[in-house]
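The next block holds one structure in the form of structure tokens; read it before the comments.
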Amino acid sequence: MRTRFAPSPTGFLHVGGVRTALFAWLMAKKTKGTFVLRLEDTDRAREAPGAAENILKTLAWAGLSPDEGVMLEGETIVERGTFGPYVQSKRVHLYQEYADQLIKSGQAYHCFCSPARLEEMRKLQEALRQAPMYDRTCLELSAEEVKERLDAGEKHVLRMKIPREETIVYDDEIYGKLSFKGHTVDDQILLKSDGFPTYHLAHVVDDHLMQMDMVIRGEEWLSSLPKHLLLFRFLGWTPPKYAHVPLILNTDRTKLSKRQNDVATEQYIEKGYLAEALINFLALLGWNPGTEQEIFTREELLHAFSLNRVQKSGAVFDLQKLDWVQGQWMRKIPVTDFADRIKSLVSARYPAAAEDEKFIAKAALIQTRITFFPEAAEMLAFFYESPVVSKDVLVNPKQGVTESELPKIIDFLLESLSSIPNSEWRKDVIVNVLESSNISRFASKAAGGVDLSTCLKKGQYLWPLRAALTGRPFSPGAYEVAALLGKEETLKRLKSGSRE
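Residues in the sequence shown are numbered consecutively from 369, following our numbering.
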């Protein structure tokens, strides 16, 4: 199957555009087909410098590079394929050729109405509570008058002539059977006064000539579908399959907007989201796999994806869900790769990290807690600088660590941990020593053996141990931190904690 993504280079790539590209890419790859990228750059007034490069780089970052069409080779935009050119501004002669064909067949006509006249017409229709549509004033012009005005160089556009009495019926791949009354469809402009085509004519010509099998696009194009179907028919062509995907919504179910969310994919890249996480998240916006699975590799998406499980209703862009997916993907990175990716970030703040032989082990402690790589330096700070520990952090009544009990607990920790030889300082030994010391020091003999009720609960000694070592109420486990800090530093920090 040949599918395409055809963005306009008018700015950064919208996250909704990436989702559309993803769905088109998935359909091409599932069918061992071809994913084509075409640039629809006929809106010259809105074209933004560098936008085309940004679009291509963003798609490459997302793993959605095209098989054919416009692509990047290094920093250079090139076109590859047998159906080019793939940039619409290079194809204007083709659109004009087919526009002439529509005029000759009587399915399009010249319109000389000025913007002022059209605005006046729309205001009147609004006052009469009528649907805003062109009133076909220029359709009534005689052939002689049209020729005279064209010869005089009068500014004009080309409009298609909608068969008003007809009902256009189509079976959309997502929405199912749709019907449109001809009298509700406007006579769409096909060629603008500058000679450039509108999207409506250009994409129909291109999708036919480039042999597209399926067009996947947002549901905002549903109202234009009858115009496109008619154009295919007017030109004697068979239309591709169409699949209209649901809108992406804010949490209040309004259309995704800058007012509530970042909408440019570039912004999510800059914030540090992984490509795997964003693609995973976008796939689930409007598509339901039919299972409880939420984390998908690219290969799993290819296997599971189908258009018949894409919903019709809008999909909410839940930033908390995106962050959760991001966290899940951070945990899937092999620990050595994870350590490599954060090492420069941590060593920029703490130079000692660059030569730290235990860095991978330390990185592993935060991998299950981190959401973005730049958080690593702060999360590992206590390994490279002694924390300032307040009594408020050491004391935790919920764990049974009261202010009056704290000195006894720290004395217990110092006495127990001091007994471990430097050569045996590791997590399993620390665990065994603390647990056995707890029983032997605090337990009393009873008729039935050791009375465990007199022992400290684990939380009573693990909380102040972790707090004294990290200075934080939340951090990796006390045993793991102590093992990596070493005996000398662990005892030093406990002693500091006893003076609080």
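Note that CB positions come from ideal geometry on N, CA and C, so glycine has one too.
Inspect the beta-carbon positions of residue i and residue j and report whether they are closer than 7 Å.
i    : j    : result
V714 : A707 : no
G437 : V404 : yes
I542 : L675 : yes
F649 : L690 : yes
L526 : A570 : no
F741 : I701 : no
A846 : R834 : yes
G682 : L593 : no
V693 : A645 : yes
I798 : C823 : no
V613 : G658 : no
P483 : R490 : no
T410 : P565 : yes
V573 : L462 : yes
D555 : M580 : no
K748 : K726 : The amino acid at residue 748 is misidentified as Lys; the sequence shows Leu. Result no, Cβ atoms of L748 and K726 do not sit closer than 7 Å.
H382 : V631 : yes
Which residue from the options puts its Cα closest to that of residue i?
i    : options                   : result
T736 : W697, R709 and K766       : W697
Q828 : L507, S674, V801 and N764 : N764
G385 : T633, H478 and L470       : T633
P377 : E441, K425, L394 and A850 : K425
L762 : K400, A374 and K776       : K776
S805 : T552, N790, M489 and D779 : D779
A836 : E421, L507, R412 and S754 : S754
P832 : L852, L859 and G854       : L859
G474 : Y752, L603 and E667       : L603
Y502 : E513, E516, L496 and E487 : E487
R717 : A729, E746 and F727       : E746
H576 : Q635, L597 and I663       : L597
E588 : D555, D562 and L624       : L624
G640 : A744, V537 and F548       : A744
L518 : F600, Y636 and H478       : H478
Assuming residue i contacts residue j (C-beta within less than 8 Å), just tell me the rounded distance between them.
i    : j    : result
T535 : G521 : That pair is no contact at about 40 Å.
V703 : A732 : 5 Å
T770 : V684 : T770 to V684, Cβ: 46 Å. No contact.
R370 : T402 : 5 Å
A430 : I647 : 6 Å
A611 : M582 : 6 Å
Under DSSP, the alpha helix (DSSP H) around residue i begins and ends at which residues?
i    : result
H671 : R666 to A672
S482 : Element bounds for S482: n/a, residue is neither H nor E.
T388 : V383 to K398
F600 : L593 to F602
V460 : V460 to K472
V514 : A511 to D519
K639 : T633 to K639
Y752 : A749 to Y752
L774 : L774 to S786
L650 : A643 to A651
L852 : A846 to L853
Tell me the DSSP secondary structure of residue i in three-state form.
i    : result
D705 : helix
E494 : helix
M439 : strand
E447 : strand
P565 : strand
T402 : strand
K726 : coil
W605 : coil
W793 : coil
G827 : helix
G418 : coil
V573 : helix
G695 : helix
A499 : coil
A683 : strand
L733 : helix
I710 : helix
Specify, as a first and last residue, the run of the beta strand (DSSP E) that residue i falls within.
i    : result
H551 : It is not in any beta strand (DSSP E) - H551 carries neither H nor E in the DSSP assignment.
M528 : V525 to M528
V761 : From DSSP, V761 is part of no beta strand (DSSP E) but of the alpha helix (DSSP H) over K759 to L762.
I557 : I557 to L559
D539 : T535 to D540
V582 : Per the sequence shown, residue 582 should be read as Met rather than Val. First-last of the beta strand (DSSP E) with M582: M582 to G586.
A611 : K609 to V613
T371 : R370 to F373
Return yes when the C-beta of residue i is under 6 Å from any heavy atom of the ligand ADP, and no when it is not.
i    : result
F600 : With respect to the ligand ADP, the structure shown offers nothing to examine, as it has no ligands at all.
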